[in-house]
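Colleague: Structure in structure tokens, see below.
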Amino acid sequence: MPTTVKLDEERKKKLEKLLAKIYLEEGKKVSLQEALGRAVDTALEDDEFLRDLAELPPLEEDPAWKMLKKPKHWNIGDSSEDIDEHIYGDN
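For the sequence shown, the UniProt record's numbering begins at 1 and goes up steadily by one.
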């Protein structure tokens with residue numbers, strides 16, 4: 001089952017370069033999904049990569065994650081459905 005993955009612009013460009021390099025050197029087109037899948041498989045076999053990953057700060061310390069845990073209250077019962085009305089008014 002495919003999943004959406006968001007990449008920053010720099011990593012996206014690097015991934016596109018990798019796909020282009022594979023095509024130029026091997027003459028084979030590789031899908032983005034296949035390249036990411038193989039990268040994950042390779043990374044999981046690399047103990048050094050796993051150690052480096054383990055040294056990253058926990059997600060709970062990420063400022064964006066903290067903001068999600070403490071949402072701003074707008075005194076709106078259900079902002080997901082009524083947000084346009086509250087921002088732009090009745091039309």
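The beta carbon of each residue, even a glycine, is placed where N, CA and C say it ideally should be.
Between Leu-24 and Val-5, how many whole angstroms is the CB-CB distance? I'm expecting something under 8 Å.
Modeller: Position 24 of the sequence shown, counted from the start, is the residue given in the question as residue 24. Position 5 of the sequence shown, counted from the start, is the residue given in the question as residue 5. Going by Cβ atoms, the distance from Leu-24 to Val-5 rounds to 25 Å, so no, they are not a contact pair.
Colleague: Looking at the secondary structure, which residues open and close the alpha helix (DSSP H) in which Thr-4 lies?
Modeller: Taking the sequence shown and counting its residues from 1, one reaches residue 4 at position 4. Looking at the DSSP string, Thr-4 is not in any alpha helix (DSSP H), and its letter there is neither H nor E.
Colleague: Answer yes or no: do Leu-7 and Leu-19 have a C-beta to C-beta separation smaller than 8 Å?
Modeller: Translated into positions along the sequence shown, residue 7 becomes position 7. Translated into positions along the sequence shown, residue 19 becomes position 19. No, Cβ-Cβ distance for Leu-7 and Leu-19 is not below 8 Å.
Colleague: With a threshold of 6 Å on Cβ separation, who are the neighbours of Arg-38 within its own chain once the five nearest residues in sequence on each side are excluded?
Modeller: Here residue 38 corresponds to residue number 38 of the sequence shown, with the count starting at 1. Within the same chain, Arg-38 has no close Cβ partners at all.
Colleague: What does the alpha-carbon distance come out to for the pair Lys-66 and Ile-22?
Modeller: Residue mapping note: residue 66 aligns to position 66 of the sequence shown, counting from 1. Residue mapping note: residue 22 aligns to position 22 of the sequence shown, counting from 1. Rounded to whole angstroms, Lys-66 to Ile-22 spans 39 Å at the Cα level.
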